[in-house]
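Asks: For what it's worth, the working numbering labels the leading residue of the sequence shown as 9, then goes sequentially.
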Amino acid sequence: PFADNPEEWFAAAAKLLKPGGQLVLSTGHPLFSASWMEFDDGETGLWVENYFLPASDVRTLDTGSVTRARNWPVSRIVQAMLDAGFTLDRIAEPEPLPWPTLSAEDRDICCPYWSDAWADLYDECSKIPVVLLLRGQKS
């Protein structure tokens, strides 16, 4: 979650749900906050400065507003979910959609966040999960 403390976030979500209530979470994958590097031989790879304590990702949007995100380690997100009283019944790290092969209409339907900037990142994004998806149930 885009939260400074995932444990507090899951605890708050647990208070809102009745036992048996479903929680579906889509959040940034921690690998997506890594930096792409090009090596002397032309190969590319990821540089992760500190996987266990990721830096905040601060960006200015076209609207001028600022969004802060932090892509926490998978283990911390899952443990926070379990500690808040959820069972985990599904976890996914989906591959990105094949953007270059989609029509403009399909991009608008499937990828509301589509932009030229995302298109420029496709080669990198096609090699790692961009999002982490979790589904669970409140105990």
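Using N, Cα and C, we set each Cβ at its ideal position, and we do this for glycine too.
Quick one: what's Lys-146 bridged to in DSSP?
Replies: Answer by DSSP bridge pairing, in chain order: Phe-94.
Asks: Taking only three categories from DSSP, how would you classify Val-66?
Replies: Val-66 falls in the strand class under three-state DSSP.
Asks: Please tell me whether Gly-53 and Phe-60 are closer than 8 Å, where the distance is taken between their beta carbons.
Replies: For Gly-53 and Phe-60, no; Cβs fall outside 8 Å.
Asks: Answer yes if the region 31-50 comes into contact with the region 129-137, meaning at least three C-beta pairs across the two stretches below 8 Å, and no otherwise.
Replies: Flag = yes, the region 129-137 and the region 31-50 touch.
Asks: What does DSSP give as the partner residues of Ile-99 in its beta bridges?
Replies: DSSP, once it has assigned bridges, lists Leu-142 as partnering Ile-99.
Asks: Three-state secondary structure (DSSP) at Arg-76?
Replies: Strand.
Asks: Contact between the region 99-109 and the region 134-143 is defined here as three or more beta-carbon pairs at a separation below 8 Å; is this criterion met?
Replies: Enough Cβ pairs lie closer than 8 Å, so yes.
Asks: Taking Cβ positions, are Ala-88 and Glu-15 nearer each other than 8 Å?
Replies: A contact, by the Cβ cut-off of 8 Å.
Asks: Would the beta-carbon of Phe-40 fall within 8 Å of that of Ile-136?
Replies: Result yes, Cβ atoms of Phe-40 and Ile-136 sit closer than 8 Å.
Asks: Measuring CA to CA, which of Asp-12, Ala-21, Asn-13 is closest to Gly-93?
Replies: Looking at the Cα atoms, Ala-21 is the closest of the given residues.
Asks: Compare the beta carbon distance of Val-66 and Val-74 with 8 Å and say whether it is the shorter of the two.
Replies: Yes, the pair counts as a contact, with Cβ atoms nearer than the cut-off.
Asks: Taking just the CA atoms, how far does Pro-81 sit from Pro-104?
Replies: C-alpha separation (whole angstroms): 20 Å.
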